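Numbering (my numbering), first residue to last: 384 to 779.
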Amino acid sequence: MTRWRYAAATDTGLVRETNQDAVFVDDSLAIVADGMGGHAAGEVASAMTVEAVCEGFLESPTVEGLHTAIETANESVLREAQENPDHFGMGTTVIAVGLTRDDSGVSSPTLFHVGDSRAYQLRDGALRQLSDDHSVAEEWVRMGRLTPEEALTHPRRHQLTRGVGVEGSIDIDVLSVSAQVGDRLLLCSDGLSNELSNESIARLASSPVPLDDAVSELIEAAKQAGGRDNISVVLLEFDEVDVAAMPIKKTTSSFAPPVAPPVRAGAQSSQRYRRFTWRVWAGVAFLLAIVAGSYAVLHWYAYSTYYLGNDNSTIAVYQGQPSGVLWFKPLKVVDTQYSSAQLRVADQIDLGATISEPTLEAALQDAATLHNEWKKTQTTATTTTVAGATTTLKRG
Ligand code: MN
Numbered sequence: 384m385t386r387w388r389y390a391a392a393t394d395t396g397l398v399r400e401t402n403q404d405a406v407f408v409d410d411s412l413a414i415v416a417d418g419m420g421g422h423a424a425g426e427v428a429s430a431m432t433v434e435a436v437c438e439g440f441l442e443s444p445t446v447e448g449l450h451t452a453i454e455t456a457n458e459s460v461l462r463e464a465q466e467n468p469d470h471f472g473m474g475t476t477v478i479a480v481g482l483t484r485d486d487s488g489v490s491s492p493t494l495f496h497v498g499d500s501r502a503y504q505l506r507d508g509a510l511r512q513l514s515d516d517h518s519v520a521e522e523w524v525r526m527g528r529l530t531p532e533e534a535l536t537h538p539r540r541h542q543l544t545r546g547v548g549v550e551g552s553i554d555i556d557v558l559s560v561s562a563q564v565g566d567r568l569l570l571c572s573d574g575l576s577n578e579l580s581n582e583s584i585a586r587l588a589s590s591p592v593p594l595d596d597a598v599s600e601l602i603e604a605a606k607q608a609g610g611r612d613n614i615s616v617v618l619l620e621f622d623e624v625d626v627a628a629m630p631i632k633k634t635t636s637s638f639a640p641p642v643a644p645p646v647r648a649g650a651q652s653s654q655r656y657r658r659f660t661w662r663v664w665a666g667v668a669f670l671l672a673i674v675a676g677s678y679a680v681l682h683w684y685a686y687s688t689y690y691l692g693n694d695n696s697t698i699a700v701y702q703g704q705p706s707g708v709l710w711f712k713p714l715k716v717v718d719t720q721y722s723s724a725q726l727r728v729a730d731q732i733d734l735g736a737t738i739s740e741p742t743l744e745a746a747l748q749d750a751a752t753l754h755n756e757w758k759k760t761q762t763t764a765t766t767t768t769v770a771g772a773t774t775t776l777k778r779g
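Structure representation (structure tokens):
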């Protein structure tokens, strides 16, 4: 059995006249929906959604059941918005976590999410945001068009890219949440996350007080910070976790340090079903191309030169840079027939370092030329010796 304890509350806040948020929680399902639309329409959308999700999950407490429930909610809200002029243009966010059962009866928490209401996981005081906001500004952050700091004040930070009741089809993020006994999960509307810093949310949501008190303190803090929107909070704490449900590999990996900057939910703690898109593969392919390209350029540079060196008193031609390039060591390609000793002194010193050519032929030519240069000096010396043996002997 996986079991949680729970507490929840919703508050109109200090500025809005009505509360268009809706919350629901019991021992296997938790929902926050943040409705939008003129007059009372937002309230209708969020209430209809909570109702449809509860009904669908009751019928089928599985991943598929909850997914279908949200699709049903989407259809209901959209139909109501189209048929009733008072409700035109209404919509809502939804974030829901259900203890979904698999075929073997094992239950584990699965998160479903559309819009900018959020889910956070709290473990050992560390806060991890599990959901990505479906807002224009946050999508742009993920695309690299904005920095997270710019997104905080961007005019399109509240403009949603996805919602319930907006279009005929709905794209739902679904992720399986890794749970350990003592972990808390926080679901909230943006009335909380816009008013409080991650540090405040982490501190208040993980404070070792009864869940009800933690929820009240979160709402109170959001109101003190301005309370400009409706504030909804659901706080869950796991008492018991189905061992079979624990994605063991995932939970052993790194976890954010306490009160770290917001960390995107990733493969470390949550397995994503739908978000591992072609973009990820494109990114991986791009990186591989860069690595392969760099390797090719390095390899080309490393072996673009032939130089003369000494090998067992013979002049040899090596391919490569005399001191090597990273792990590309020079390779001996040819032993010439010339002795290293049969070179002018200056050429002997240069051997192995500075006599290099772009091709093997040119390097072989060098070896021959240097040998011939040495031979000339020998001939000259011989001639000198013949012409004046005494002088030469003295010199030697
Ligand atoms: Mn809101």
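Where a beta carbon is used, it is the ideal one built from N, C-alpha and C, also for glycine. These numbers come from a predicted model, not from an experiment.
query                                                                                                                                    : result
Would you please state the rounded distance, in angstroms, between the beta carbons of Gly474 and Asp612? I believe it to be under 8 Å.  : In fact, because the Cβ distance is near 16 Å, the residues do not count as touching under 8 Å.
Under the rule that 16 or more other beta-carbon atoms within 10 Å means buried, what is Tyr690, buried or exposed?                      : buried
In or out: Arg657 buried (at least 16 other Cβ within 10 Å) or exposed?                                                                  : In this prediction, Arg657 scores a pLDDT of 47, lower than 50, which makes its location untrustworthy; no coordinate-derived value is stated.
What is the residue span of the beta strand (DSSP E) that Trp387 lies within?                                                            : Arg386 to Asp394
Tyr678 by DSSP, collapsed to three states: which one?                                                                                    : helix
Would you kindly check if the distance between the Cβ of Val446 and the Cβ of Thr483 is under 8 Å?                                       : yes
Is it the case that the CB of Asp612 approaches a heavy atom of the ligand MN more closely than 7 Å?                                     : yes
DSSP three-state call for Thr483: helix, strand or coil?                                                                                 : strand
Would you say Asp516 touches the ligand MN, meaning its beta carbon is less than 7 Å from a heavy atom?                                  : no
If we ignore side chains and look at the alpha-carbon of each, how far apart do Val785 and Ile414 end up?                                : In the structure as shown, the chain begins at 384 and stops at 779. Residue 785 is therefore absent and cannot be evaluated.
Per the DSSP calculation, Asp718 is bridged to which residue(s)?                                                                         : Ala699
Identify which residue in Val557, Ala608, Val564 and Pro593 has its Cα closest to the Cα of Ser576.                                      : Ala608
Report the rounded CA-to-CA distance for Val398 versus Gly610, giving the unit in angstroms.                                             : 7 Å
Determine the closest residue to Arg501 out of Ser411, Val560, His537 and Cys571, with distance taken between C-alpha atoms.             : Cys571
Looking at the structure shown, is Ala605 part of a helix, part of a strand, or coil, going by DSSP?                                     : helix
Mapping the DSSP letters down to three states, classify Asp404 as helix, strand or coil.                                                 : strand
Considering only the beta carbon of each residue, do Asp622 and Trp387 sit closer than 8 Å?                                              : yes
Which residue's Cα is closest to the Cα of Gly551: Glu454, Asp733 and Arg528?                                                            : Glu454
Any idea if Glu438 is buried or exposed, counting beta-carbon neighbours within 10 angstroms, 16 or more meaning buried?                 : exposed
Assuming Ala509 is part of the alpha helix (DSSP H), what are its boundary residues?                                                     : It is not in any alpha helix (DSSP H) - Ala509 instead sits in the beta strand (DSSP E) that spans Ala509 to Gln512.
Could you tell me the alpha carbon to alpha carbon distance between Tyr721 and Trp664, rounded to whole angstroms?                       : 56 Å
Is there at least one non-hydrogen atom of the ligand MN closer than 7 Å to the beta-carbon of Ser572?                                   : yes
For Cys571, which beta-bridge partners are listed by DSSP?                                                                               : Arg501 and Val616
Taking the DSSP output, what are the residues bridged to Gly418?                                                                         : Thr475
Going by C-alpha to C-alpha distance, which of Thr688, Met526, Val547 and Ala668 sits closest to Gly420?                                 : Val547
Identify every residue that forms a DSSP beta bridge with Val557.                                                                        : Phe495
Cutting at 6 Å between CB atoms, please list the residues of its own chain near Asp730, excluding the five before and the five after it. : Leu753
Measure the C-alpha to C-alpha separation of Leu449 and Leu494 and round it to an integer number of angstroms.                           : 10 Å
So is Ala534 buried or exposed if we call it buried at 16+ other beta carbons inside 10 Å?                                               : buried
Helix, strand or coil for Asp622, going by three-state DSSP, please let me know.                                                         : strand
Is Asp417 close to the ligand MN? I mean its beta-carbon at under 7 Å from any heavy atom of the ligand.                                 : yes
Do you know how far the Cα of Asp394 is from the Cα of Asn402?                                                                           : 7 Å
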